[in-house]
Every structure is written in structure tokens, then in C-alpha cells.
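All remarks here apply to the structure that follows.
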Amino acid sequence: MCKKSISLAILTGNNKRHSQALDQLAWINTWLGRYPIAQMYAYEAQKLGRVSGNLYAEAQAVHTQAVCWKDLGDYKQSLSLVIMAQSLLALCGTSDSMANLALMNLQAEVHKCKSEYSEAWKIHSKILWISADQDLYNRAAALLSIAELEVSVNIHQHGPDFHNVL
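Using numbering that gives the first Met the number 0, the first residue of the sequence shown is number 0, and each one after it goes up by one.
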């Protein structure tokens, strides 16, 4: 389906749809664990977004690349790409969008993977504040993430307390 979308986008010269289809192929390959292929598609989507002046499409593709690097364990590269994607969204005037909340969540997840729990907590708290009343899904996810972090930090600092479970 994505390949047909790409063919049609190329045929009609629709760079926006072409970039979106490439990014969708990248996500599919990310979910399948085919990171080099996913990165290739995401990078092509990023280039196409840049060439066509579509900052939002470029940011989406950079986000996909950041997910790949996180999953591959290159947290420094992932965080660098998150910052780049957030900068692109700011240029679009969409820094308070769902796309930015997804980037912030990824950024927090990277910090959690690095055992930087306080950084992850700060980011999830900011997501909670930004999503406030307008986005119940991200608000609930942020609350859950904060609770998970607080439990993790408590267990790491004090050890599990199995006596109070019963």
C-alpha cells in the first residue's frame, strides 16, 4: 500500500504525500525491527521534506529516525534528533502540537533508558502541564509515566518493600 502511495505521489509530483508514504514505510520497518531500512526511508522522507520546504514532514521523519536510534541504544544520537525535530516544529509554529508531545515523550523515554529518572520525570511533568485539559490521552499517559518513574526511583533507593504488599 505504501509503495503504491509512493508511486502515485511521484507520478503526480506530490512531495508531501511522497514524504508521508516514505515515513510510513519507515515506521512499519521500525515496528518490524528493521532499523537500517527504517532509517533509510526516514532519511529519504526528511530530505524530501527539506527540499520541498515542508518543515512538518521533515520533523516527522527526524522523529522516526530518533526512535530508531533509541531502539538501537544510541541515546545521544536519538536526543540530538529529538532536539532537531522540536526546532523544526517550532519553525512551523507547532511546538505545542501532538507531534511535539510525542517527541517529548520519546525524549523522556531516552532519559529513562539512561537511568536519568529525574530528567524523565521533569519532561513527563511538562507533558502533563501542556496537555492539561485539552488532551486526556497524553495527560493520562504522562500521569502513568510519572507514577512508574516514582515507583522505579523508590525501589532503586530503598529496595522493594514486599511486606506492605499483602
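Cβ coordinates follow ideal geometry from the N, Cα and C atoms, glycine included.
**Asked** How many whole angstroms separate the CB atoms of Ala44 and Ser18, which I take to be in contact at a CB cut-off of 8 Å?
**Response** 5 Å
**Request:** May I have the straight-line CA-CA distance separating Lys15 from Leu143, to the nearest angstrom?
**Result:** 35 Å
**Prompt:** By how many angstroms is the C-alpha of Ser96 removed from the C-alpha of Trp120?
**Reply:** 20 Å
**Message:** Going by C-alpha to C-alpha distance, which of Lys113, Gly92, Leu100 sits closest to Asp73?
**Reply:** Lys113
**Request:** Please confirm if the region 46-59 is in contact with the region 27-35, defined as three or more CB-CB distances below 8 Å between the two stretches.
**Result:** no
**Message:** Runs of 4 residues minimum, wholly inside the region 42-128: which ones carry the alpha helix (DSSP H) assignment?
**Reply:** 54-71, 74-91, 97-112
**Asked** Given a threshold of 16 other Cβ atoms within 10 Å of its Cβ, counted over all protein chains shown, does Tyr40 qualify as buried or as exposed?
**Response** buried
**Message:** Under DSSP, the alpha helix (DSSP H) around Ala25 begins and ends at which residues?
**Reply:** 14-30
**Request:** Select from Asp22, Ala25, Leu47, Leu24 the residue whose C-alpha is nearest the C-alpha of Gly12.
**Result:** Leu47
**Asked** Grouping DSSP H, G and I as helix and E and B as strand, with all else coil, what is His162?
**Response** In this predicted model, His162 has a pLDDT of only 45, less than 50, meaning its place in the structure is not dependable enough to derive any value.
**Prompt:** In whole angstroms, what separates the C-alpha of Gln133 from that of Val66?
**Reply:** 26 Å
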